[in-house]
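Step one of this worksheet: look at the structure below.
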Amino acid sequence: MLNSCFAFIARRRRLFLLKLLAIFCFVMTLLLWSKSQVKPETSTVVEGSEKLVGIKMERTDQLKAPYHNKLKVTEKGSPNLSNGYNAAEDTELRRKVLLENTDEFLEPVLKEVKYVEIDLTDRMTNSYDDYDDEIEDDIKRVKPGLGDKGKKATVPSYQKAVADNIMKKEAFNRLLSEMISPNRSVPDTREAACKNEVYDQDLPTMSVIIIYTNEAFTSLVRTLHSVINRTPSKFLREIVLVDDFSDHRDLKGKLERYIAKKFPAGKIRLIKLSKRSGLIRARMIGAHVAVGDVLLFLDAHCETIDQWAEPLLQRIKEDRTAVVCPIIDVIDDKTMEYYHGNGEFFQIGGFTWSGHFTWINIPSYEAERKKHHHSPTRSPTMAGGLFGIDRKYFWEIGSYDSDMQLWGGENLEMSFRIWQCGGSVEIIPCSRVGHIFRDFHPYSFPNNVDSHGLNTARLAEAWMDDFKELFYSHRKELKTASWGDVAKRLAFRKRKNCKSFKWFLDNIYKEKFQMTFDSKLYGQVKNPDSNQCLDNMQHSESDEYSLELYPCHTQLYPSQLFLLSNKGELRREAECASLGNDDKVQMVQCEHLHAKDVWDYRDGQLYNMRSEKCLTVKVVDGKSHIVLETCGGTPNQQWEFDAHKDKDEDNEV
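Numbering of the sequence shown is given in our numbering, commencing with residue 90 and proceeding in unit increments.
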């Protein structure tokens, strides 16, 4: 073809138009020759961590079918070198880690949940520029300086009603969030000693994994900006976004265009699930595709401070079995104010026998063990939204219970499992991350299933041994519920030679009151004369309130579960009855109980040794109240526990 072209040109050299034709022929011939020498340049995907196949990507705001469990990578020979990102190197790394990032609990998830990785480089093409106007409109809504340094902000008074209505759906002030820069500054909330800490320069890399479903656009992108801006690039291997089947329009093409334009190439990956799968399974898929040395899980409504990542990575470098959590600062859901307390004083994680996470004070034995108040602090449990774990250890230690549904209980299950199987859960005081705490979930749960209750029953069966009965005493209906088979988790526990739950309580959570195991009397506390029982009136375990009466339920409900402990405390799980003003009985945190607030059960009466009086039902204006009066054996001072243990009964589990 070249010879023909040049011969034609030689004969008609004077014609300018034909010279251009000759050049065109030459270029076309060269292209044809080069394609014959190399493999066709195609998009490739990783499928099921086993083989490579081709796939054509569509615009995801129109994407309907089918998902293939495939990850977008780029063939060798076409590296994208912007911002130091090399796609060819990424390809090999992703091939390798997909084989590593798996366990027996992931396999059923991959069979049930299909996913696809979006080609974000394609979102820079002109076919996506129609989203630019929407992005520019968002930028115009931002009020310069509003909310900077985490300061309290408000919407204009004429927009307050609109903001309030939106908040009822979004569970935070979305309208205000849209007025605050996605790049806003936040205060450095670390204590002074943390600012003098020096961290290694060869820390492990991390993949930040963020799961979302119908998250507000602004809170999500503010989280992304925060992580990118305040994490050294050499440590931040990638952010893995997993979209758990969102249907909000701005989380489709607009978000993809925004990421492609605003962030360094290769730093953010976007995985989309084919159906609503829940936090647990979505996180497992995010962990499956991640390539960093450390998996750092964050919620989609967070803001990090400077040097938040280094303390977490340093601790994991020192001990790969340490599962680490930052101190969680509060971002106000109404004003977007970034709150923080005294860096020297913080709480660690506990749990209630009803199966909920709770914050507790650091016990004296742990305070004494630490070198400094800003040293890593052991925590019996973690809140579960924000934590880091060595990537390989995540799979070694059993990842997540993939038979758990949607959300809830997974944090306690992981906490118990890590401790009982040889790891540790730690709060790292020099790492701090802000988090919007919402009053409710701004999304629905399929079929309105009680996923938290069912998941907690699974963890009780797998990890709590005989102590599971304390959970079922609060949730009797779950004992016979359909929470599935835990045989695989029990087999894993046996294979790993994990310790008992009693070991966990005796060594890690020593101060945990063991309810019926630490009590001689328990159950409903009934005054037969009035046919009423002691009741906490739905107060939380952290409240202080006056002890009250309520008609006795036909079966034991948690609000009427009281105990007389072996130490003589009239109490609930974390609250104890104490002498209050005017001979009233006040429920206070047991750790604040007066040393002489000891009770004795004598001849059917509850005798308070501090006041030398008895628990009494007193009727005032037709309403019954609890007071302390001189003991007289009268009917209004008689009490019955509907269950008891003999003093010499063996309480060992």
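Beta carbons: idealized from backbone N, C-alpha and C, even for Gly.
Over what stretch of residues does the beta strand (DSSP E) that includes residue 714 continue unbroken?
For the purposes of this step, residue 714 is taken as the residue at position 625 of the sequence shown. Element bounds for residue 714: 712-718.
Is the region 612-622 in contact with the region 584-604, if contact means three or more CB pairs nearer than 8 Å?
no
Keeping to the same chain, check which residues put their C-beta closer than 6 Å to that of residue 639; ignore five residues upstream and five downstream.
Locating residue 639 in the sequence shown gives position 550, where the first residue counts as 1. Within the same chain, residue 639 has close Cβ partners 624.
Suppose the cutoff is 6 Å on Cβ atoms and the five residues either side in sequence are ignored; what does the same chain contact list for residue 484 look like?
Walking along the sequence shown from the start, residue 484 turns up at place 395. Around residue 484: 192.
Contained beta strand (DSSP E) runs [length at least 3] in the region 281-321, N- to C-terminal order:
295-301
Could you say which of 456, 505, 452 and 458 lies nearest to residue 471 if we only look at CA atoms?
Here residue 471 refers to the residue found at position 382 when the sequence shown is read from its first residue. Checked all of 456, 505, 452 and 458; the closest Cα to residue 471 is 505.
Contact with chain C by residue 404, beta-carbon distance below 9 Å:
Here chain C cannot be found, since the structure has a single protein chain.
So the candidates are 726, 678 and 660; which of them puts its Cα closest to the Cα of residue 692?
For the purposes of this step, residue 692 is taken as the residue at position 603 of the sequence shown. It is 726.
Compare the C-alpha of residue 329 against each of 279, 473 and 386 and name the closest.
In the sequence shown, counting from the first residue as 1, residue 329 sits at position 240. It is 386 whose Cα lies nearest to the Cα of residue 329.
At what residues does the beta strand (DSSP E) containing residue 708 begin and finish?
Within the sequence shown, the letter at position 619 stands for residue 708. 702-709 is the span of the beta strand (DSSP E), which, as asked, contains residue 708.
Based on Cα-Cα distance, which residue from 424, 412 and 645 lies nearest to residue 265?
The residue you call residue 265 lines up with position 176 of the sequence shown. Answer by Cα proximity: 424.
Is residue 470 helix, strand or coil by DSSP?
Stepping through the sequence shown from its first residue, residue 470 is reached at position 381. In this structure, residue 470 counts as strand in the three-state DSSP scheme.
Note down the Cα distance separating residue 246 from residue 257, rounded to an integer number of angstroms.
Numbered from its first residue, the sequence shown carries residue 246 at position 157. Numbered from its first residue, the sequence shown carries residue 257 at position 168. Going by the C-alpha atoms only, they are around 18 Å apart.
Check whether the region 279-290 and the region 301-311 touch, using three or more Cβ-Cβ pairs below 8 Å as the test.
no
How about residue 399 and residue 501: do their beta carbons lie closer than 9 Å?
If you number the sequence shown from 1, residue 399 lands on position 310. If you number the sequence shown from 1, residue 501 lands on position 412. Cβ atoms of residue 399 and residue 501: not closer than 9 Å.
Within the same chain, show all residues whose beta-carbon is closer than 7 Å to that of residue 413, passing over the 5 residues directly before and after it, in chain order.
In the sequence shown, residue 413 corresponds to position 324, counting from 1. For residue 413, where only same-chain residues beyond five positions count, the Cβ hits under 7 Å are 401, 404, 405, 476, 477, 515 and 517.
According to DSSP, is residue 353 helix, strand or coil?
Along the sequence shown, read from residue 1 onward, the residue named residue 353 stands at position 264. Here residue 353 sits in coil by DSSP.
Mind checking whether residue 564 and residue 473 have CB atoms under 9 Å apart?
The count along the sequence shown starts at 1 and reaches residue 564 at position 475. The count along the sequence shown starts at 1 and reaches residue 473 at position 384. Cβ distance not < 9 Å, so residue 564 and residue 473 don't count as in contact.
For residue 32, which residues does DSSP report across the bridge?
Residue 32 lies beyond the stretch modelled for the chain, which goes from 90 to 742, so this question has no answer here.
Thinking just about the alpha-carbon of each residue, which of 197, 523 and 571 is nearest to the one in residue 420?
In the sequence shown, the residue the question calls residue 420 occupies position 331. Checking every option, the nearest Cα to that of residue 420 belongs to 523.
In its own chain, which residues sit with a C-beta less than 6 Å from the C-beta of residue 433, not counting the 5 before and 5 after it?
Within the sequence shown, numbered from 1, the residue matching residue 433 stands at position 344. These residues qualify, in order along the chain: 280 and 462.
Coarse secondary structure for residue 378, derived from DSSP in three states
Against the sequence shown, residue 378 aligns to sequence position 289. Reduced to three states, the DSSP call for residue 378 is helix.
Can you look up residue 323 in the DSSP assignment and give me helix, strand or coil?
Stepping through the sequence shown from its first residue, residue 323 is reached at position 234. Here residue 323 sits in coil by DSSP.
Have a look at 490, 224 and 566 and flag the residue whose alpha-carbon is nearest the alpha-carbon of residue 552.
For the purposes of this step, residue 552 is taken as the residue at position 463 of the sequence shown. Closest option to residue 552, Cα to Cα, is 490.
Who are the near neighbours of residue 349 in its chain, counting only those whose CB is closer than 6 Å to its CB and skipping five residues on each side?
As a first step, residue 349 must be located in the sequence shown, where it is residue number 260. Same-chain partners within the cutoff: 209, 212 and 213.
Starting from residue 393, follow the beta strand (DSSP E) in both directions and report where the run begins and ends.
Taking the first residue of the sequence shown as position 1, residue 393 is located at position 304. Here the beta strand (DSSP E) through residue 393 covers 391-393.
Would you decide whether residue 469 is buried or exposed? Buried here means 16 or more other CB atoms lie within 10 Å of its CB.
As a working mapping, residue 469 is identified with position 380 in the sequence shown. Burial call: buried.
If the criterion is Cβ atoms closer than 9 Å, does the pair residue 183 and residue 298 meet it?
On the sequence shown, residue 183 is found 94 positions in, with the first residue counted as 1. On the sequence shown, residue 298 is found 209 positions in, with the first residue counted as 1. Not in contact: residue 183 and residue 298 (Cβ atoms no closer than 9 Å).
Straight-line CA distance for residue 288 to residue 519?
Stepping through the sequence shown from its first residue, residue 288 is reached at position 199. Stepping through the sequence shown from its first residue, residue 519 is reached at position 430. About 11 Å.
Can you check DSSP and say which residues form a bridge with residue 522?
If you number the sequence shown from 1, residue 522 lands on position 433. Beta-bridge pairing links residue 522 to 393 and 417.
Using DSSP's beta-bridge definition, name the partner residues of residue 235.
In the sequence shown, the residue the question calls residue 235 occupies position 146. In the DSSP output, where bridge partners are listed per residue, residue 235 has none listed.
Could you check what DSSP says for residue 260 in three-state terms: helix, strand or coil?
Start at 1 with the first residue of the sequence shown, and residue 260 comes out as number 171. Correct three-state label for residue 260: coil.
With DSSP collapsed to three states, give me the class of residue 88.
The chain is shown from 90 up to 742; residue 88 falls before or after that span and cannot be answered.
For residue 220, I'd like the list of residues in its chain whose CB is within less than 7 Å of its CB, leaving aside the five on either flank, ordered along the chain.
Residue numbering aside, residue 220 sits at position 131 when the sequence shown is read from its first letter. So the list reads 342, 343 and 346, once near-sequence residues are dropped.
Specify the secondary structure class of residue 250 as computed by DSSP and reduced to three states.
On the sequence shown, position 161 is the one that residue 250 refers to. Residue 250 falls in the helix class under three-state DSSP.
DSSP puts residue 666 in a beta bridge; with which residues?
Within the sequence shown, residue 666 is the residue found at index 577, counting from 1. In the DSSP output, where bridge partners are listed per residue, residue 666 has 676.
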